[in-house]
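**Student:**
2 protein chains.
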Amino acid sequence: MRSDRLGETLLPKRIALPVFASDALSSVAYAPDEIMLMLGLAGGAFAMTHSWQVTLAVILVMVVVVASYRQNVHAYPSGGGDYEIANVNLGPRAGLTVASALLVDYVLTVAVSVSSGIQNAGTVLPFVRGNEVALAVGVIALITALNLRGVRESGTAFAVPTYLFMVAILGMGAYGFVQHFTGTLSPSESADLTLLPEAGTDAVTGLAAAFLLLRAFSSGCAALTGVEAISNGVPAFRKPKSRNAATTLLLMGVLSVTMLASIVTLSQWTGVKIADDPATQLVRDGRPVGEDYVQHTAIGQLSEAVFADFDLGVVFVSVVTGLILFLAANTAFNGFPVLGSILARDGYLPRQLHTRGDRLAFSNGILILAAAAMFLVVVFRANVNALLQLYIVGVFVSFTTSQTGMVRHWTRHLRLERDEAARRRMQRSRVVNGLGAVMCALVLLVVLITKFQAGARYAILAMAVLFALMLGIRKHYERVSQELAIDWESEKPLLPSHVHAIVCISKVHKPTMRALSYARASRPSVLEAVTVDVDPEETHALVKEWERRQIPVTLKVLASPYRSITRPILDYVRSIRTGNPRDLVTVYLPEYVLGRWWEQVLHNHSALRLKARLLFTSGVMVVSVPWQLASSEGAERDWFDEPPIPGSVRGGSG
Amino acid sequence: MRSDRLGETLLPKRIALPVFASDALSSVAYAPDEIMLMLGLAGGAFAMTHSWQVTLAVILVMVVVVASYRQNVHAYPSGGGDYEIANVNLGPRAGLTVASALLVDYVLTVAVSVSSGIQNAGTVLPFVRGNEVALAVGVIALITALNLRGVRESGTAFAVPTYLFMVAILGMGAYGFVQHFTGTLSPSESADLTLLPEAGTDAVTGLAAAFLLLRAFSSGCAALTGVEAISNGVPAFRKPKSRNAATTLLLMGVLSVTMLASIVTLSQWTGVKIADDPATQLVRDGRPVGEDYVQHTAIGQLSEAVFADFDLGVVFVSVVTGLILFLAANTAFNGFPVLGSILARDGYLPRQLHTRGDRLAFSNGILILAAAAMFLVVVFRANVNALLQLYIVGVFVSFTTSQTGMVRHWTRHLRLERDEAARRRMQRSRVVNGLGAVMCALVLLVVLITKFQAGARYAILAMAVLFALMLGIRKHYERVSQELAIDWESEKPLLPSHVHAIVCISKVHKPTMRALSYARASRPSVLEAVTVDVDPEETHALVKEWERRQIPVTLKVLASPYRSITRPILDYVRSIRTGNPRDLVTVYLPEYVLGRWWEQVLHNHSALRLKARLLFTSGVMVVSVPWQLASSEGAERDWFDEPPIPGSVRGGSG
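Protein chains in written order, with our numbering: chain A, 13 to 666; chain B, 13 to 666.
1. Should A:N376 and A:I155 be called a contact, given that it needs their Cβ atoms to be closer than 8 Å?
2. Find the residues of chain A that neighbour B:V538, judging by a C-beta separation of less than 8 Å, and give them in chain order.
3. Would you verify that the beta carbon of B:A716 is, or is not, closer than 8 Å to some beta carbon of chain A?
4. Which of the three DSSP states, helix, strand or coil, is assigned to A:P24?
5. Since A:V332 and A:L147 should fall inside the 8 Å C-beta cutoff, what is the C-beta to C-beta distance between them, to a whole number of angstroms?
6. In chain order, what residues of the same chain have a beta carbon less than 7 Å from the beta carbon of B:Y604, not counting five sequence neighbours either side?
7. What does the alpha-carbon distance come out to for the pair B:L267 and B:L294?
8. For the candidate residues A:G283, A:I498, A:V246, whose alpha-carbon lies nearest to that of A:A57?
9. What residues of chain A sit near B:V511, judged by a beta carbon separation below 7 Å?
10. How long is the line joining the alpha carbons of A:L29 and B:S518, rounded to whole angstroms?
11. Considering only residues of the segment 586 to 634 of chain B, which uninterrupted beta strand (DSSP E) runs meet the minimum length of 3 residues and lie entirely inside it, listed in chain order?
12. Residues in its own chain within less than 8 Å of B:K253 by CB, not counting five upstream and five downstream?
13. Since B:A291 and B:V301 are thought to touch, with beta carbons under 8 Å apart, how far apart are those beta carbons, to the nearest angstrom?
14. If you scan the segment 444 to 513 of chain B from start to end, which runs of the alpha helix (DSSP H) of 4 or more residues do you find wholly inside it?
15. With DSSP as the reference, label A:R579 as helix, strand or coil.
16. Leaving out the 5 sequence neighbours to the left and right, which residues in its chain are closer than 6 Å to B:L22 when beta-carbon positions are compared?
17. Using the Cα positions of B:I1 and B:M264, report the straight-line distance between them to the nearest angstrom.
18. Look up B:Q640 in the DSSP assignment and say whether it is helix, strand or coil.
19. Let me know the alpha helix (DSSP H) ranges lying completely inside the segment 344 to 424 of chain B, each 4 residues or longer, listed in chain order.
20. Within the segment 67 to 106 of chain B, note down every full alpha helix (DSSP H) run reaching 4 residues or more, in order along the chain.
21. For chain B, check one thing: does any of its Cβ atoms lie closer than 8 Å to the Cβ of A:W500?
22. Quick check on the burial criterion: 16 or more other C-beta atoms within 10 angstroms. Buried or exposed for B:Q494?
23. Apart from the five residues just before and just after B:P580, which ones in its own chain have a Cβ nearer than 6 Å to its Cβ?
24. Just mark A:W422 as buried or exposed, buried being the case when its beta carbon has 16 or more other beta carbons within 10 Å.
25. Which residue from B:S315, B:T566, B:N397, B:G352 puts its Cα closest to that of B:Q191?
26. I'd like to check one pair, A:L53 with A:D288: are the Cβ atoms closer than 8 Å?
27. Cα-Cα, which of A:L400, A:D583, A:G631 is closest to A:I595?
28. Helix, strand or coil: which one does DSSP assign to A:A180?
29. Under the rule that 16 or more other beta-carbon atoms within 10 Å means buried, what is A:V477, buried or exposed?
30. Please classify A:V179: is it buried, with 16 or more other beta-carbons within 10 angstroms of its beta-carbon, or exposed?
31. Within the continuous beta strand (DSSP E) that includes A:K253, where are the two ends?
32. In whole angstroms, give me the CA-to-CA distance for B:I286 and B:A310.
33. Determine the burial state of B:R491: buried for a count of at least 16 other Cβ atoms within 10 Å of its Cβ, exposed for fewer.
34. Does DSSP put B:T206 in a helix, a strand or coil?
35. So what does DSSP say about B:K285, is it helix, strand or coil?
36. Would you verify that the beta carbon of B:K253 is, or is not, closer than 8 Å to some beta carbon of chain A?
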């Protein structure tokens, strides 16, 4: 997209909501399941008693986090992501911490969303069972391919499935409520099953019960993933940007809470049971249901209960749930390269990732994300519950840091602000963000305590590795930058006095003749053609040909006692440099330009090797003189995947 | 090794024999087993009756082949390998056929020799059983590592194990003969077993018996592998080269035949039984011995019988047999890259493989050979018998072609030769080679008939693929060569009229200042500094700095609506070319030279991408101006693995 046209694509709220909220809204597809599953470890009765309490705690956190991010949106209308906020207010180390957490979370967003989408599809597609890993890998591959092809979803493409998902879940909720109060709500397929505590678990009381409640709570906080997306996207909103974004954020929070609450309530009414290990925990008529039992997701079971005699409703819910989850995964494919580009700008990642217009850099990011997500899906067998153990820690690391940063932000601004009304607003915002920071820190603590062993440690390890890696890259760039800085006081640029040009020759043919004529056109002080005597017969033939054609440049034959091509030229160049240290040596290398990848294998090796070594000697320039072979015609376009360049002229030189 | 010192390393016969004959001699370690195993498919009695007959047939072929190759040695004192002989006398297609066969055979030499060495080691090392594949892969990896490290075995290192192997086998033979005639020879460990025909095989008579004899014969011809090695090595002999080589070849033949005959005779006397499937075919007291039975090689069983009360003798035989087999594998690691280099010289393989002095090319050859051999070992579970089904066809393809080529050679020379004595010698040689060609063709036919289904077809397929690949490469080179040839009548070299120089600038620092001063030193007709406006802030800062430092070159800012770096420069260069087609455009790119591999990831990407694209435009030269960072100091040496260059001077320019 052209920079100067970016402005034309500002989003109205009705499009911005689905664009930025698909990730957050989609998490209600797995958060209720997680709460019930965790509580179910202590048996069905425990789950029934406590699932609403835990859900309320999650909703409380959601309210606080949404309120806090509304402050972010007002403070950073230019779209300060968590990384920027931490960076600006708490310093680069905090920023880098958030960046590491976000990078890990993008990978987990893809892995969790796709796995959950596959799981939801299983409600109506029986063949999913047993093929989850292969299907999840396939879906990731498909999303990757779409993103590599450059199919950027428009707002509308995003809007449709997200609104359909809202319709599906809220519609199902409303219809279910009506059925409940008219007494026509069917029980769910797992209503008549007994949910036993996990094998080896006795009656859970006291501390153990408290710990289990905390575990369920921290799993339920999965519902908060993606909430930060709107605060990154403020610049894409129509004016007044901040107010519109804040409204959208509020709307998203209300929708999320409503959907979550409906699902949990309906699950209680229809007796949905979700077990960590269904085969042994679920009992029908005193007997475990065994390996053949297929446990559907809460949304799946609810749709079957609510739309008991309306199969199309079940299919609709299942399809749109899968769709919004895949869309959520897709948002990570957009966010990951963007964050990579910002980190590259700040010197934390290889600089070439920064160039926005460069499709290659984005492709690399997309491929890295896809590979990492596939790795997780394979290692964790596309098990949503197992993946969630790694997921939430990163989310709350970045929430906590960013909210703490916001407190600092307000404190800094309060020092300068004199207007009382503004000061009051800022103080109120600081209180909200402070509350958010404390709340998120508490949740982070709970997550760390309850999930460290279960998997969070791997996520923390990955963050630590990324942190160290990015810090190392930044330090390297700083070191290089210092080394390259010019001390204008002491260093006077010296122009080399002579230019000694050498043209490397192996045969008399068009490429070497072009190199010679280009070298002559550059009018160096000294011009020599040089060849290495690897095979005496060939050298002899070359010298004869040279004389016969009366080529007006001296041909120097370098001996090669070890039959190497590179070494004699290197030695010769260095001997010129040693004799005349202020001379500049220019080495002309004819290079073939070919159109097919396998042709590359067959050519240019000596030239490239020689160039790589010459560059280590100072006072030497290496000039590539290309000869375009017929096969190169049109290949540039194919390789670099760009439209043809208008007015480009081929041939006609040398 | 220096070309002019190669002469100092000529080998006396006593060293040349082990150097060139280890491969041929080592094949007696598996050839007798193969004969007995194949005959044993029809039961122990059949094997006992016919093994000597088959061995005699193999010895006959050996005598004829040795006699034929003695003619080669006299005709090509410069060391015409089978490839060269076929190439010169029968044309390039025949040469390429032989080359494909030889390449496949080198791989099989490694796989078969190492697998057999492991099998022989199993006689004294019980843990080998069940770990054959892993051990064989490990040994190949070890040989590969030694060859990559450049540890070229000296003649003596080769001589010791080969002579020890001769001592071991001939000593065992002689001692066994004495024991036999004094009646003290112990029976072998399998003497009291009954060898049943393979399951499903009835009494073998008539055609089936003849077919089995032919199969056993073609397997026994494995004894001939490696016979051609001496004819490749003639130049390494002391003078008179040809006569010494011929004598050594004869000696090798005598030794091979003696060892083969001793092993087969002793096996009969001690009742050695070798079964294709020992678990079911071998019966003790009416019961199959089952999976626990470990079948040792013939040499292993013989050593245990002959040295019944001298354990050290058994260990000695086993160790030196393993050793010579690994040495035989090592010869392939020397021969494969050499053949690759010859084929590259003739344009059948990528040209960079030709440069002899280049360790990298040899490393690639070594790695390809190792990977292919490991692949075979893994696929065929290090089973010598299974691997041999693929092996012999290639050997006889090259024997037959080379002997036919020799017949042509003599016919051609007879046309010119007038001296009667010389003509008689030539005629005699032609008869011998003709006999060799016919004999080898017959054996090849037998091998094809009896082994095609068993595995030879895979070898033939591999040869066909290599043949097609190499032909394709050659055709590509020829096409390029034609395209590059100069028509001196019609083409007059035109000197470009102007040189328009562009220096690409991203920052004001040492590398760009060096690029600028080098460009100025080259005195182009027009000189411009060019920067791409990707980030307006950075561009503004750059322009300010440029003015402040009063850099005496105009800085041109190129707009980049799509935030790409490459495209605006490409477009600009092309616009210059279009405006002035006879102008030459020189693009100067500052390039960082760094010492660590991971630093490469962090730099130079824009420059390399830009260069790759600029080369597609004609009339453009790309100049790399290197800036050596501190980390590059000494790195050239580490990377390119060479001794430091005397008199090399660092720094001090620009």
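Quick reminder that beta carbons are idealized off the backbone N, C-alpha and C, glycines included.
**Tutor:** In terms of the structure at hand:
1. One-based indexing of the first sequence puts residue 376 of chain A at position 364. One-based indexing of the first sequence puts residue 155 of chain A at position 143. Going by C-beta atoms, A:N376 is not nearer than 8 Å to A:I155.
2. Numbered from 1 along the second sequence, position 526 holds the residue referred to as residue 538 of chain B. Going along chain A, no residue has its Cβ under 8 Å from B:V538, so there is no contact; the nearest lies around 13 Å.
3. Here chain B has residues from 13 to 666 only, and residue 716 of chain B is not among them.
4. Your numbering for residue 24 of chain A matches position 12 in the first sequence. Coil.
5. Within the first sequence, the letter at position 320 stands for residue 332 of chain A. Within the first sequence, the letter at position 135 stands for residue 147 of chain A. With 8 Å as the limit, A:V332 and A:L147 do not qualify as a contact, their Cβ atoms being about 18 Å apart.
6. Working through the second sequence from its first residue, we reach residue 604 of chain B at position 592. Setting aside the 5 residues that flank it on each side, B:Y604 is surrounded in the same chain by P523, H615, N616, W639, L641, each with a C-beta closer than 7 Å to its C-beta; the list follows chain order.
7. Residue 267 of chain B sits at position 255 when you count from the first residue of the second sequence. Residue 294 of chain B sits at position 282 when you count from the first residue of the second sequence. Cα-Cα distance, rounded: 32 Å.
8. Sequence index remark: in the first sequence, residue 57 of chain A carries index 45 (1-based). Among A:G283, A:I498, A:V246, the Cα nearest to that of A:A57 belongs to A:G283.
9. Taking the second sequence and counting its residues from 1, the one referred to as residue 511 of chain B is at position 499. Per Cβ cutoff of 7 Å: A533, S534.
10. Within the first sequence, the letter at position 17 stands for residue 29 of chain A. Within the second sequence, the letter at position 506 stands for residue 518 of chain B. Each residue's alpha carbon lies about 40 Å from the other.
11. 596 to 605
12. Taking the second sequence and counting its residues from 1, one reaches residue 253 of chain B at position 241. Same-chain partners within the cutoff: P89, V246, P247.
13. Residue 291 of chain B sits at position 279 when you count from the first residue of the second sequence. Residue 301 of chain B sits at position 289 when you count from the first residue of the second sequence. The distance from the Cβ of B:A291 to that of B:V301 is about 7 Å, consistent with a contact at the 8 Å cut-off.
14. Listed in chain order, the complete alpha helix (DSSP H) runs (minimum 4 residues) inside the segment 444 to 513 of chain B are 469 to 496.
15. In the first sequence, the residue the question calls residue 579 of chain A occupies position 567. Looking at A:R579 - three-state DSSP - the assignment turns out to be helix.
16. Residue 22 of chain B sits at position 10 when you count from the first residue of the second sequence. Hits under 6 Å: R250.
17. Absent from the model: residue 1 of chain B. The displayed extent of chain B is 13 to 666, so no value can be given.
18. Against the second sequence, residue 640 of chain B aligns to sequence position 628. If DSSP states are grouped into helix, strand and coil, B:Q640 belongs with the strands.
19. Whole alpha helix (DSSP H) segments, 4+ residues: 371 to 391.
20. The qualifying runs are 94 to 102.
21. Sequence index remark: in the first sequence, residue 500 of chain A carries index 488 (1-based). At a cut-off of 8 Å, the C-beta of A:W500 has a neighbouring C-beta in chain B.
22. Here residue 494 of chain B refers to the residue found at position 482 when the second sequence is read from its first residue. Flag for B:Q494 reads exposed.
23. One-based indexing of the second sequence puts residue 580 of chain B at position 568. For B:P580, where only same-chain residues beyond five positions count, the Cβ hits under 6 Å are V544, L570, S572.
24. Start at 1 with the first residue of the first sequence, and residue 422 of chain A comes out as number 410. Result: buried.
25. In the second sequence, residue 191 of chain B corresponds to position 179, counting from 1. Here the closest residue by C-alpha is B:S315.
26. One-based indexing of the first sequence puts residue 288 of chain A at position 276. One-based indexing of the first sequence puts residue 53 of chain A at position 41. Contact annotation: A:D288 and A:L53 have beta-carbon atoms nearer than 8 Å.
27. Numbered from 1 along the first sequence, position 583 holds the residue referred to as residue 595 of chain A. The amino acid occupying residue 595 of chain A in the given sequence is Asp; Ile does not appear at that position. Checking every option, the nearest Cα to that of A:D595 belongs to A:G631.
28. Stepping through the first sequence from its first residue, residue 180 of chain A is reached at position 168. Helix, per DSSP.
29. Sequence index remark: in the first sequence, residue 477 of chain A carries index 465 (1-based). Classification for A:V477: exposed.
30. On the first sequence, position 167 is the one that residue 179 of chain A refers to. A:V179 comes out exposed.
31. For the purposes of this step, residue 253 of chain A is identified with residue 241 of the first sequence, where counting begins at 1. Per DSSP, A:K253 belongs to no beta strand (DSSP E); it is in the alpha helix (DSSP H), 253 to 282.
32. On the second sequence, position 274 is the one that residue 286 of chain B refers to. On the second sequence, position 298 is the one that residue 310 of chain B refers to. Taking the straight line from one Cα to the other gives about 7 Å.
33. Working through the second sequence from its first residue, we reach residue 491 of chain B at position 479. So B:R491 ends up on the exposed side.
34. For this step, residue 206 of chain B is matched to residue 194 along the second sequence. Of the three classes helix, strand and coil, the one that applies to B:T206 here is strand, per DSSP.
35. To locate residue 285 of chain B, count along the second sequence from 1; it is residue 273. Coil, per DSSP.
36. By one-based count along the second sequence, residue 253 of chain B stands at place 241. Not one chain A Cβ lies under 8 Å of B:K253.
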